[in-house]
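For reference, the structure is listed below as structure tokens.
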Amino acid sequence: MSDPIDVTKSRELRDRIQPIYEETVALLGAEHAAAVSLQQAANELAAAAPAPRRYGDYDAS
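Each residue of the sequence shown is one higher than the one before, starting from 125 at the first, in my numbering.
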């Protein structure tokens with residue numbers, strides 16, 4: 125397994141995925157495989173950059 129990525133880089137990449145995800149959802153719907161994959165990619169990037177959780181960080185899943 126590779127080393128975790130920098131928290132800042134992880135956030136930067138997720139910020140770049142977000143507008144693509146939103147456009148994909150608008151065109152294809154949130155259940156489409158492309159939208160699901162983009163969301164999963166953002167989640168994986170977050171998991172790859174471990175950081176201390178902050179007060180506002182809450183995952184309802």
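Idealized CB from N, CA, C, for every residue including glycine.
Using DSSP with H/G/I as helix, E/B as strand and the rest coil, what is residue i?
i	result
Ile144	helix
Asp139	helix
Glu155	coil
Ala175	coil
Buried or exposed for residue i, please, with buried defined as at least 16 other CB atoms from any protein chain shown within 10 angstroms of its CB.
i	result
Leu162	buried
Thr132	exposed
Comparing alpha-carbon positions, which option in the options lies nearest residue i?
i	options	result
Leu159	Thr148, Glu136, Glu168 and Asp127	A small correction: the amino acid at residue 159 is Ala; Leu does not occupy that position in the sequence shown. Answer by Cα proximity: Thr148.
Asp139	Asp127, Ala170 and Pro128	Ala170
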